[in-house]
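J.: The structure follows.
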């Protein structure tokens, strides 16, 4: 039966996984150890559907792990392997990089600050919008650049409670997602730090969740 | 699957933002260890290609639509007085 991949964690943390976790297709989730990494997989009958239920189930399995304070790197939705052994074979390509991230940030979860409008934080954004009308070509290039290399940073304002930060533009509009790696024991301090920044009053805070943004190579 | 990018611009209710982030991060973030990702809808494999290419293609499509609308607005303006 095909194995569906939910996420990756350090093999040494497998003992701390919660029991009876279910994932995509309501399949029980188990860990397969591949050297220093372990893969969280569930046996599924068919390719998962890109429906909201599947997305929620993928995330819920990872959330159960995070709720047990085990750091886990999320896998991209939709990765199914013929056998469990195939998962380990495929891991060889990116395993070393993911293991480095998990080793460095073991004990952390990802906090996500969602802002639908960052104009208050980013004076340059106003300039960009004015440029839109003057030069569509330039605006297009600016838009591409801003998706890859956002200039915004919140970590300096939030202090050392933030171990690492990645920023991405929301797919539409002028919003941004700030992903912060925070130790499980510092989540309350992080929330207090966010609450102390007036410009973040309208931001929505989600987390801790699995390492989604930090599971990818830096662009 | 409902596409969060189809929401009206003014739809910034917290629940929608959070749901949009959930969908975007699960479908567009995370470790990729397989070169192909297959996603099906209603038991039919509709997507069987590199998801990064797909996401890029959708993003580019959105940008082109927005660009076309912007250009149309500009060309509809009356010419400036000499």
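Protein chains in written order, with the working numbering: chain A, 10 to 228; chain B, 92 to 173.
Ideal Cβ placement from N, Cα and C applies to all residues, glycine included.
Quick caveat: nothing in here was measured; it's all calculated off a predicted structure.
(1) Helix, strand or coil: which one does DSSP assign to residue 68(A)?
(2) Would you say residue 4(A) reaches chain B, if we count a Cβ-Cβ gap shorter than 8 Å as a contact?
(3) From this set, 68(A), 54(A), 31(A), 11(A), which residue's C-alpha is nearest residue 121(B)'s C-alpha?
(4) Does residue 99(A) come within less than 8 Å of chain B when only Cβ atoms are used?
(5) Roughly how far, in whole angstroms, is the beta-carbon of residue 79(A) from the beta-carbon of residue 51(A), given that I think they are within contact range, below 8 Å?
(6) Short of 8 Å in beta carbon distance, which residues of its chain neighbour residue 199(A), apart from the five on each side in sequence? Order them along the chain.
(7) Which partner residues does residue 93(A) have in the DSSP bridge list?
(8) Can you tell me the Cβ-Cβ gap for residue 214(A) and residue 83(A), rounded? I've got them flagged as a contact below 8 Å.
(9) For chain B, is any of its Cβ atoms less than 8 Å away from the one on residue 215(A)?
(10) List the residues of chain B whose Cβ lies closer than 8 Å to the Cβ of residue 221(A), in chain order.
(11) Using 8 Å as the limit for Cβ to Cβ distance, is residue 68(A) near chain B?
(12) Could you give the residue range of the beta strand (DSSP E) that holds residue 13(A)?
(13) Using DSSP's beta-bridge definition, name the partner residues of residue 183(A).
(14) Just mark residue 112(B) as buried or exposed, buried being the case when its beta carbon has 16 or more other beta carbons within 10 Å.
(15) Less than 8 Å between CB atoms is the rule here; does residue 107(A) satisfy it with respect to chain B?
(16) From residue 139(B) to residue 207(A), what does the alpha carbon distance come to, in whole angstroms?
(17) Within 10 angstroms of its Cβ, does residue 15(A) collect 16 or more other Cβ (buried), or is it exposed?
(18) Here's the rule: buried if 16 or more other CB atoms are within 10 angstroms of the residue's CB, otherwise exposed. What is residue 92(A)?
(19) For residue 29(A), which of helix, strand or coil comes out of DSSP?
(20) Any chance the stretch 61-77 of chain A sits against the stretch 107-117 of chain A, with 3 or more Cβ pairs inside 8 Å?
(21) Determine the DSSP secondary structure at residue 93(B), reduced to helix, strand or coil.
(22) Is the shortest distance between the beta-carbon of residue 180(A) and the beta-carbons of chain B less than 8 Å?
(23) Would you kindly work out how many angstroms separate the C-alpha atoms of residue 184(A) and residue 204(A), rounded to a whole number?
(24) Would DSSP call residue 216(A) helix, strand or coil?
T.: Walking through what the data contain:
(1) By 1-based counting over the first chain, the position of residue 68(A) is 59. In the structure shown, residue 68(A) sits in a helix (DSSP, three-state: H, G or I).
(2) Any question about residue 4(A) goes unanswered here, given that chain A covers just 10 to 228.
(3) Here residue 121(B) refers to the residue found at position 30 when the second chain is read from its first residue. Closest by alpha carbon: 68(A).
(4) Indexing the first chain from 1 puts residue 99(A) at position 90. So yes, residue 99(A) belongs to the interface.
(5) The residue labelled residue 79(A) in the question sits at position 70 within the first chain. The residue labelled residue 51(A) in the question sits at position 42 within the first chain. The Cβ separation is near 17 Å, so there is no contact.
(6) To locate residue 199(A), count along the first chain from 1; it is residue 190. Only 120, 167, 170, 171, 189, 191 meet the Cβ criterion.
(7) As a first step, residue 93(A) is located in the first chain; it is residue number 84 there, counting from the start. In DSSP, residue 93(A) forms no bridge with anything.
(8) Locating residue 214(A) in the first chain gives position 205, counting from the first residue. Locating residue 83(A) in the first chain gives position 74, counting from the first residue. Incorrect: roughly 18 Å between the Cβ atoms, too far for contact.
(9) Along the first chain, one-based indexing puts residue 215(A) at 206. Yes, its Cβ sits closer than 8 Å to a Cβ of chain B.
(10) Taking the first residue of the first chain as position 1, residue 221(A) is located at position 212. Going along chain B in sequence order, the residues near residue 221(A) (Cβ under 8 Å) are 116, 117, 120, 121.
(11) The count along the first chain starts at 1 and reaches residue 68(A) at position 59. Interface residue, yes.
(12) Reading the first chain from its first residue, position 4 is the one you call residue 13(A). Residues 12-19.
(13) Start at 1 with the first residue of the first chain, and residue 183(A) comes out as number 174. According to DSSP, which records beta bridges pairwise, residue 183(A) is partnered with 126(A).
(14) Position 21 of the second chain holds residue 112(B). By the 10 Å Cβ count, residue 112(B) comes out buried.
(15) For this step, residue 107(A) is matched to residue 98 along the first chain. With 8 Å as the cut-off, residue 107(A) counts as an interface residue toward chain B.
(16) Your numbering for residue 139(B) matches position 48 in the second chain. Your numbering for residue 207(A) matches position 198 in the first chain. For residue 139(B), the predicted model reports a pLDDT of 43, less than 50, meaning its position is unreliable; a value from the coordinates is still stated below. Each residue's Cα considered, the two are about 45 Å apart.
(17) Counted from its first residue, the first chain places residue 15(A) at position 6. By the 10 Å Cβ count, residue 15(A) comes out buried.
(18) Within the first chain, residue 92(A) is the residue found at index 83, counting from 1. Exposed, since its Cβ has fewer than 16 Cβ neighbours within 10 Å.
(19) Position 20 of the first chain holds residue 29(A). It is coil, neither helix nor strand.
(20) no
(21) In the second chain, residue 93(B) corresponds to position 2, counting from 1. In this predicted model, residue 93(B) has a pLDDT of only 42, less than 50, meaning its place in the structure is not dependable; the value taken from the coordinates is given anyway. Residue 93(B): coil per DSSP, three-state reduction.
(22) Taking the first chain and counting its residues from 1, one reaches residue 180(A) at position 171. True, the Cβ-Cβ gap to chain B drops below 8 Å.
(23) In the first chain, counting from the first residue as 1, residue 184(A) sits at position 175. In the first chain, counting from the first residue as 1, residue 204(A) sits at position 195. Those two C-alpha atoms are separated by around 19 Å.
(24) Numbered from its first residue, the first chain carries residue 216(A) at position 207. Looking at residue 216(A) - three-state DSSP - the assignment turns out to be strand.
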